[in-house]
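Student: Below: one structure in C-alpha cells.
In mature numbering (1 follows the signal peptide of the UniProt record, and there is no 0), the protein residues as written are -25 to -1, 1 to 574.
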C-alpha cells in the first residue's frame, strides 16, 4: 500500500511539473508578444510595485553615492549593456540550443521507433542470424569437447576486494568442456593483501580441476586496456578462438557461452556478441544486484535500461554497430588481431576497439535476452567518476577517429553518417551540452534579461517528448520520473564538462579511476576488513560546484518570483534543491560526506 501511495503521489507530481513547464512557457511567449519594444519600458515594469523594489532602488542609491552617477544614469547604462551586448549573445545561444534540441529529439524518436519495431515484430537475433546448439561429445562436459571452440575468459580487476569471489566463481561455473576453456584473472591490485586473497581464490578453484590462470603485472601501464592486452599475449591465449570479458562485479549465468558462441560459429562475419546487464533478479536476495539499494541506483537503472533497450538494440538492428560495453561480451580473437587489439589511448578502450573493428567491415550483435548480473555504483561520487570516464573518453575518441571514419573504404556512407552524427556527435557531445547550457545556464539567466524569450516547443514540448520516450521504456519507474529529471539536470553539468575535457584534451583527459564497489559478497564475508575511514578536507566532503550552482539557481528563481514576467521559479527552485542535495552526497548508500574509501 505504501509503495502504491508513493507511486501515485510521484505520478501526480510529474504531471504537475509538466503542466507548470507548459504554462510557464506559454506565459513567456504571450508576455513577450504583448510587451513594448522599448527595453527600458520592459525593465521598469519589472520593478514598479513588485516585492523587493526597495532593495533594487537602494542598491542604485548606494552605487550613486560611490560613482557619482544618478540612478537614472546607472539604470540607463545597464539597459544599454543588456540590450546591446548580453541579450544578443543569449539569443544566439538560445537559437543554437534549439537546433541541438531538435537534433536530440529526432535521434531519440528514431531509436525508440526502431527498438519498438524490433519488440513488436519479435525480431529476435536467432531469426536474423543462424544459430544452432553446439552438440556435446557424448554429452560429457567433464571430458573433451572437440566440437567446441577454445574460449578464454578474462576478468580484469583492481583492488576490488568486495566482489572478486563472485566474478571468479561465476566464471568457473560456466557450462563448457573443461579442456576447451581457460579462466584468466588479470589482477592489477596494488594492495598486497587483496592480491593474496585473489590468488588464493584462484588456487582454490584450480584444486577443483578448473583451468584458471592468475596474471599480474609489474606496473599498471594502460590500466584496463593494458591488463587485457597483457593477458592476450600469454602463450595459452594464442590457442583460443574467442574471448569473453567480465568486469570484477559481473556474474554470468552458467549457460552464457552455450548461448553466445553459436552466433560466432555459424556467422563468420560477426566479431562481437554483447549481452545485457541484469539489473533485476528473480534469484534469492544474496544473489541479487543492488539496483534497489537506493534512489541513486534506481535512477541509474532507468538510464541503463534506456541505453540497452533503445541505443544498443537500434544500433544492432539497423547498422550491426554499437559501442562495446567493455564487459558481458564475447569477441572473435581473429577480428581483434586484425584491427590491432587493445589500445590505451583513451579511457574507453572498449569503444575504441569496437569502432576500429567496424571500420574493417566486422559486424556486431546485441542479444538482450542474455543477461549478466552486475553491480551499479552506489555513491554519487563513484557514479560521477564513472560517467566522466565514459563521456570524456568517448568525446576524445570522436576527435581521434573522425578522420578514419570518413576515409574508411569498407563502411557504407550511411553507416559513416550514423557513426559520426548519431553515435558520436548527438549522443556524446550534443546531449550533455544542450541539457546543461539551456536548462541550467541560459534559462536561469534569462529571468534577468526579459529581451530573451524561448519558443514553447523548445523548452516545453521537446523535453516533454523526451520524457515520454523514457517513460515508454520504463513504465514501472513512472513514479521515479520527477527525481530522474532533476538528477539528470545535475548530471548534465558533469557530462558536459567531461565532453569538453575529452574533445579539447584538457588536463587529465586520459585519467582512469576505477569505480568503487560495495559488493554483495562482502555481506557474507565479514572477515575481509573494509578500508578505514580517513580524514578529508571540506572540498572532498562537499561538492562545491553543485553547492555553488544551487545558490545560483536559487537566486535566479527568487529574482523571477519577485520581478520576472515568466513563471520559471518553481522549476528553478526544484533544480536548485537537487543541486543542493547532491552537493552533500545525500544520495546513494553513503552518508559519510566523502570521508570513506567508497567515495
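By construction, the Cβ of each residue, glycine as well, lies at the ideal position given by its N, Cα and C atoms. Please read all numbers here as calculations on a predicted model, not as lab measurements.
#1: Using the C-alpha atoms, what's the distance from residue 520 back to residue 496?
#2: Can you tell me whether residue 247 is buried or exposed? The criterion is at least 16 other CB atoms within 10 Å of its CB, across all chains shown.
#3: Using only the alpha-carbon positions, how far apart do residue 457 and residue 550 sit?
#4: Would you kindly check if the distance between the Cβ of residue 161 and the Cβ of residue 130 is under 8 angstroms?
#5: When you compare the segment 369 to 381 with the segment 419 to 436, are there three or more beta-carbon pairs, one atom per stretch, that lie closer than 8 angstroms?
#6: Check for me: the beta strand (DSSP E) holding residue 304 runs from which residue to which?
#7: From what residue to what residue does the alpha helix (DSSP H) around residue 341 run?
#8: Give me, in chain order, the residues of the same chain whose beta-carbon lies closer than 6 angstroms to that of residue 296; leave out the 5 immediate sequence neighbours on both sides.
#9: So does the segment 280 to 288 actually touch the segment 83 to 96, counting three or more Cβ pairs closer than 8 angstroms?
#10: Any contact between the segment 349 to 362 and the segment 313 to 323? By contact I mean 3 or more CB pairs, one from each, below 8 angstroms.
#11: CA-CA distance, residue 346 and residue 376?
#12: Between 199, 149, 539, which has its C-alpha nearest residue 229's C-alpha?
#13: Ignore the nearest five residues each way along the sequence and tell me which others in residue 226's own chain have a CB closer than 6 angstroms to its CB.
#14: Ignore the nearest five residues each way along the sequence and tell me which others in residue 217's own chain have a CB closer than 8 angstroms to its CB.
#15: Sorted by chain position, which residues of the same chain lie with C-beta nearer than 7 angstroms to residue 165's C-beta, five sequence neighbours on each side aside?
#16: Touching or not, the segment 518 to 537 and the segment 390 to 402, by the rule of three or more beta carbon pairs under 8 angstroms?
#17: Looking at residue 191: is its Cβ nearer than 8 angstroms to the Cβ of residue 180?
#18: Roughly how many whole angstroms lie between the Cα atoms of residue 132 and residue 409?
#19: For the putative contact between residue 299 and residue 319, defined by C-beta atoms under 8 angstroms, what is the C-beta separation to the nearest angstrom?
#20: Return helix, strand or coil for residue 548, following the three-state DSSP convention.
#21: Closer than 6 angstroms by C-beta to residue 244: which residues in its own chain qualify, once you throw out the five before and the five after it? Chain order, please.
#22: Within a Cβ cutoff of 8 angstroms, which residues of the same chain sit near residue 561, ignoring the five residues on either side of it in sequence?
#23: Can you name the start and end residues of the beta strand (DSSP E) that residue 251 belongs to?
#24: Once the 5 residues before and after residue 535 are set aside, which same chain residues still bring their CB inside 7 angstroms of it?
#25: Taking buried to mean at least 16 other C-beta atoms within 10 Å of its own C-beta, is residue 352 buried or exposed?
#26: Cβ atoms of residue 159 and residue 201: under 8 angstroms apart, would you say?
#27: In three-state terms, what does DSSP make of residue 63?
#28: Which residues in the same chain as residue 18 place their Cβ atom closer than 7 angstroms to its Cβ, once the five residues preceding and following it in sequence are excluded?
#29: For residue 281, which residues of its own chain have a beta-carbon under 8 angstroms away from its beta-carbon, when the five flanking residues on both sides are left out?
#30: With 16 as the cutoff for other CB atoms within 10 Å, does residue 193 come out buried or exposed?
#31: Do you know how far the Cα of residue 71 is from the Cα of residue 63?
#32: Leaving out the 5 sequence neighbours to the left and right, which residues in its chain are closer than 7 angstroms to residue 293 when beta-carbon positions are compared?
#33: Between the alpha carbons of residue 386 and residue 379, how many angstroms are there, rounded?
#34: Is the CB-CB distance between residue 303 and residue 221 below 8 angstroms?
#35: Can you give me the C-alpha to C-alpha distance between residue 430 and residue 102, rounded to a whole angstrom?
#36: Mind checking which residues open and close the alpha helix (DSSP H) that includes residue 358?
Tutor: Looking at the coordinates:
#1: For the purposes of this step, residue 496 is taken as residue 521 along the chain shown, with counting starting at 1. For the purposes of this step, residue 520 is taken as residue 545 along the chain shown, with counting starting at 1. Its pLDDT being 44, under 50, residue 496 is placed unreliably by the model, and the measurement read from it follows with that caveat. Across the structure, residue 496 and residue 520 are spaced so that their CA atoms are roughly 34 angstroms apart.
#2: Against the chain shown, residue 247 aligns to sequence position 272. Buried, because 16 or more other Cβ atoms sit within 10 Å of the Cβ of residue 247.
#3: As a first step, residue 457 is located in the chain shown; it is residue number 482 there, counting from the start. As a first step, residue 550 is located in the chain shown; it is residue number 575 there, counting from the start. Near 11 angstroms, if we compare the C-alpha coordinates of residue 550 and residue 457.
#4: Here residue 130 is taken as the residue at index 155 of the chain shown, counted from 1. Here residue 161 is taken as the residue at index 186 of the chain shown, counted from 1. If you check the CB distance, residue 130 and residue 161 come in under 8 angstroms.
#5: They do not touch, by the three-pair rule.
#6: Along the chain shown, one-based indexing puts residue 304 at 329. Note, residue 304: beta strand (DSSP E), 304 to 307.
#7: As a working note, residue 341 is residue 366 in the chain shown. Not the alpha helix (DSSP H): residue 341 falls in the beta strand (DSSP E), residues 338 to 348.
#8: The residue labelled residue 296 in the question sits at position 321 within the chain shown. Around residue 296: 290, 333, 339.
#9: Proximity of the segment 280 to 288 to the segment 83 to 96 meets the contact definition, three or more beta-carbon pairs being nearer than 8 angstroms.
#10: The segment 349 to 362 vs the segment 313 to 323: no contact.
#11: Working through the chain shown from its first residue, we reach residue 346 at position 371. Working through the chain shown from its first residue, we reach residue 376 at position 401. Roughly 31 angstroms between the two C-alpha positions.
#12: Taking the chain shown and counting its residues from 1, one reaches residue 229 at position 254. If we check each option's Cα against that of residue 229, 149 comes out closest.
#13: As a working note, residue 226 is residue 251 in the chain shown. Same-chain partners within the cutoff: 141, 145, 348.
#14: Looking up residue 217 in the chain shown gives position 242. Within its own chain, the residues whose Cβ lies closer than 8 angstroms to the Cβ of residue 217, once the five positions on either side in sequence are excluded, are 124, 125, 126, 127, 236, 239, 305, 306, 307, 308, listed in chain order.
#15: Against the chain shown, residue 165 aligns to sequence position 190. Result list for residue 165: 134, in chain order.
#16: Contact between the segment 518 to 537 and the segment 390 to 402 is absent, with fewer than three C-beta pairs closer than 8 angstroms.
#17: Indexing the chain shown from 1 puts residue 191 at position 216. Indexing the chain shown from 1 puts residue 180 at position 205. With respect to residue 180, residue 191 sits apart: the two C-beta atoms are not nearer than 8 angstroms.
#18: Reading the chain shown from its first residue, position 157 is the one you call residue 132. Reading the chain shown from its first residue, position 434 is the one you call residue 409. If you draw a straight line from the Cα of residue 132 to the Cα of residue 409, it is about 35 angstroms long.
#19: Numbered from 1 along the chain shown, position 324 holds the residue referred to as residue 299. Numbered from 1 along the chain shown, position 344 holds the residue referred to as residue 319. Rounded, the Cβ-Cβ distance is 15 angstroms, inconsistent with contact.
#20: Walking along the chain shown from the start, residue 548 turns up at place 573. DSSP places residue 548 in the helix class (H, G or I) of the three-state scheme.
#21: What you label residue 244 is simply residue 269 of the chain shown in a count that begins at 1. Excluding positions up to five away in sequence, the list reads 338.
#22: On the chain shown, residue 561 is found 586 positions in, with the first residue counted as 1. For residue 561, where only same-chain residues beyond five positions count, there are no Cβ hits under 8 angstroms.
#23: For the purposes of this step, residue 251 is identified with residue 276 of the chain shown, where counting begins at 1. Residues 245 to 253.
#24: Locating residue 535 in the chain shown gives position 560, where the first residue counts as 1. Around residue 535: 422, 541, 543, 544, 547.
#25: Along the chain shown, read from residue 1 onward, the residue named residue 352 stands at position 377. It counts as buried.
#26: Here residue 201 corresponds to residue number 226 of the chain shown, with the count starting at 1. Here residue 159 corresponds to residue number 184 of the chain shown, with the count starting at 1. Contact check for residue 201 against residue 159 fails: the beta carbons are separated by 8 angstroms or more.
#27: Counted from its first residue, the chain shown places residue 63 at position 88. The answer is helix: DSSP assigns residue 63 an H, G or I state.
#28: Stepping through the chain shown from its first residue, residue 18 is reached at position 43. For residue 18, the predicted model reports a pLDDT of 43, less than 50, meaning its position is unreliable; a value from the coordinates is still stated below. 54, 425, listed in sequence order.
#29: As a first step, residue 281 is located in the chain shown; it is residue number 306 there, counting from the start. Cβ within range, chain order: 445, 448, 449.
#30: Taking the chain shown and counting its residues from 1, the one referred to as residue 193 is at position 218. The residue is exposed, with fewer than 16 neighbouring Cβ atoms inside 10 Å.
#31: In the chain shown, residue 63 corresponds to position 88, counting from 1. In the chain shown, residue 71 corresponds to position 96, counting from 1. Taking the straight line from one Cα to the other gives about 12 angstroms.
#32: Start at 1 with the first residue of the chain shown, and residue 293 comes out as number 318. For residue 293, where only same-chain residues beyond five positions count, the Cβ hits under 7 angstroms are 89.
#33: Here residue 386 refers to the residue found at position 411 when the chain shown is read from its first residue. Here residue 379 refers to the residue found at position 404 when the chain shown is read from its first residue. Answer to the nearest angstrom: the Cα atoms are 11 angstroms apart.
#34: Translated into positions along the chain shown, residue 303 becomes position 328. Translated into positions along the chain shown, residue 221 becomes position 246. Yes, Cβ-Cβ distance for residue 303 and residue 221 is below 8 angstroms.
#35: Taking the first residue of the chain shown as position 1, residue 430 is located at position 455. Taking the first residue of the chain shown as position 1, residue 102 is located at position 127. Distance from the CA atom of residue 430 to the CA atom of residue 102, rounded to whole angstroms, is 45 angstroms.
#36: Here residue 358 is taken as the residue at index 383 of the chain shown, counted from 1. Following the DSSP letters along the chain, one finds residue 358 inside the alpha helix (DSSP H) bounded by residues 355 to 382.
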